[in-house]
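J.: Before we start, here is the structure in question, set down as structure tokens.
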Amino acid sequence: MEVHIVYAVPNTALDDLYNGHQVDGRLVLVDRGDVPIADKARRVQEAGGTGMVVVDSGECGAAFACGVLGSPRQNGFLEQDEWVKWRDMHIPVVLVLQPDGDRIKAAMDLVQMDMPDLGLQYVLRE
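In terms of the working numbering, the sequence shown is residues 33 to 158.
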């Protein structure tokens, strides 16, 4: 199986995705940040993404034991979102540790761009 992956812009999916033309039909990488994961997933799904990989911010260690909302001790990463936000979600969503996310990013052809109102963002070179 061959999977094409693209980095969401904005990288934390804090708003509708600027790069919907790249997202359609692809797996989408997003940074964790402060945006609820259900909101990120909705934006990815609306842009045509086939799945979403959330890269942890680095606060969590092995087994995602970090003591914050989203860690196993706090009922998992979906606990922060109201269940109704997930009702119409049809794409798979996974959370990976920051070192694993960094390896994925290193394998991608990314460049940094300074974007108005967003600051520095990684974008997939076209």
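Backbone N, C-alpha and C define an ideal beta-carbon position, used for all residues, glycine too.
What does DSSP give as the partner residues of G151 in its beta bridges?
T.: Mapped onto the sequence shown, residue 151 falls at position 119. DSSP lists M147 as partners of G151.
J.: Do A79 and L49 count as a contact pair if the criterion is CB distance below 8 Å?
T.: By one-based count along the sequence shown, residue 49 stands at place 17. By one-based count along the sequence shown, residue 79 stands at place 47. Yes, the Cβ-Cβ distance between L49 and A79 is below 8 Å.
J.: Quick check: the Cα distance between V38 and Q153, rounded to an integer number of angstroms?
T.: Taking the sequence shown and counting its residues from 1, one reaches residue 38 at position 6. Taking the sequence shown and counting its residues from 1, one reaches residue 153 at position 121. Approximately 13 Å between the Cα atoms of the pair.
J.: According to DSSP, is D120 part of a helix, a strand, or is it coil?
T.: Taking the sequence shown and counting its residues from 1, one reaches residue 120 at position 88. Correct three-state label for D120: coil.
J.: Contact check, G83 vs P124 under 8 Å by CB: the rounded distance?
T.: The sequence position of residue 83 within the sequence shown is 51, counting from 1. The sequence position of residue 124 within the sequence shown is 92, counting from 1. Between P124 and G83 the Cβ distance is about 5 Å, and since that is below 8 Å, they are a contact.
J.: Is it buried or exposed, R119, if we count other Cβ atoms within 10 angstroms and call 16 or more buried?
T.: Within the sequence shown, the letter at position 87 stands for residue 119. That one is exposed.
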